[in-house]
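Asker: Going left to right, the sequence shown walks through residues 704 to 763 as the numbering used here numbers them.
The C-beta atom is built at its ideal place from N, Cα and C for all residues, glycine as well.
In this text the structure is predicted, and so the values were computed from the model without any measurement.
Below are the structure tokens for one structure; questions will follow.
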Amino acid sequence: MLKPAILALIRQILTVAGTALVAKGYVQASDIEPVIGALLTIGSVVWSVADKRGRTELRR
Numbered sequence: 704m705l706k707p708a709i710l711a712l713i714r715q716i717l718t719v720a721g722t723a724l725v726a727k728g729y730v731q732a733s734d735i736e737p738v739i740g741a742l743l744t745i746g747s748v749v750w751s752v753a754d755k756r757g758r759t760e761l762r763r
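What follows is the structure, encoded as structure tokens:
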């Protein structure tokens, strides 16, 4: 549904932010990709748990 579109938008925002950090010299380019992947993974897990809790509470 809407989840893939939102995750794609978040991925693009993180990529732009990472590019800006690399351009300013705060981090190396090789460090950005794993960080973005980790943030997306954590975000997906949190979103999934929140969604399941919301559905459970609606059934009660």
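Can you grab the Cα-Cα spacing for the pair Ala726 / Lys706, in whole Å?
Answerer: On the sequence shown, residue 726 is found 23 positions in, with the first residue counted as 1. On the sequence shown, residue 706 is found 3 positions in, with the first residue counted as 1. Looking at the two C-alpha atoms, the distance is approximately 30 Å.
Asker: Just to confirm, is the Cβ distance from Leu710 to Ser747 under 8 Å?
Answerer: If you number the sequence shown from 1, residue 710 lands on position 7. If you number the sequence shown from 1, residue 747 lands on position 44. Yes, they are a contact pair.
Asker: Express the C-alpha separation of Ser751 and Ile735 in angstroms, rounding to a whole number.
Answerer: By 1-based counting over the sequence shown, the position of residue 735 is 32. By 1-based counting over the sequence shown, the position of residue 751 is 48. C-alpha separation (whole angstroms): 24 Å.
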